[in-house]
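Read in order, the letters of the sequence shown are residues 2 to 114 in the working numbering.
Using N, Cα and C, we set each Cβ at its ideal position, and we do this for glycine too.
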Amino acid sequence: MATARTHGPRCGATHSRSFCGIFEGGRIDGMTIDSAGRIVIPRDIRNAIGLTAGATVEIDASDGVITIEPAPLRVKIVKHGRIFVAVPEENIETLSEDTVRAVRDKLRNDRVR
């Protein structure tokens with residue numbers, strides 16, 4: 002999750018727009034909001050959290066902090082034989098066996114700790 006500060010300590014009238022949008026370890030200081038209320042999320046951050054053009058996000062504002070997160074995948078529960086399976090409501094790319102194995106291994110390792 003990245004946090005944007007609209008009035009960062011180094012961002013001011015004397016700095017260029019590119020200076021004010023420098024990405025520093027997960028935090029972006031001095032982003033500018035345009036007249037339509039938009040903020041551009043830098044490509045490195047979008048790629049790191051899997052956001053693509055047209056992706057749905059959830060935005061929350063609490064205690065003066067805005068958080069932007071990818072929206073959870075919407076699924077429907079469908080019965081396949083004797084078991085119920087979560088099926089995405091939209092077309093998504095099928096995960097490779099390697100990806101599934103890596104996620105499963107990570108979840109197992111996290112439970113052990």
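Ignore the nearest five residues each way along the sequence and tell me which others in residue i's own chain have a CB closer than 7 Å to its CB.
i	result
Ile50	Pro71
Leu96	none
Determine the DSSP secondary structure at residue i, reduced to helix, strand or coil.
i	result
Ala49	helix
Arg11	Caution is warranted here: a pLDDT of 40 is assigned to Arg11, below 50, making its placement in the model unreliable, and no coordinate value can be reported.
Glu70	strand
Glu59	strand
Pro99	Per the sequence presented here, residue 99 reads as Asp, with Pro not at that position. DSSP places Asp99 in helix when its eight states are reduced to three.
So if DSSP puts residue i in a beta bridge, which residue, or which two residues, is it bridged to?
i	result
Ile78	Ala87
Ile34	None; Ile34 has no bridge partner.
Below 8 Å on the Cβ atoms is my contact criterion, and I expect residue i with residue j to pass it. Report the Cβ-Cβ distance as a whole number of Å.
i	j	result
Val76	Glu90	6 Å
Here's a check: name, in chain order, each residue in its chain whose Cβ is nearer than 8 Å to the Cβ of residue i, leaving out the five neighbours to either side.
i	result
Ile78	Phe85, Val86, Ala87, Val88
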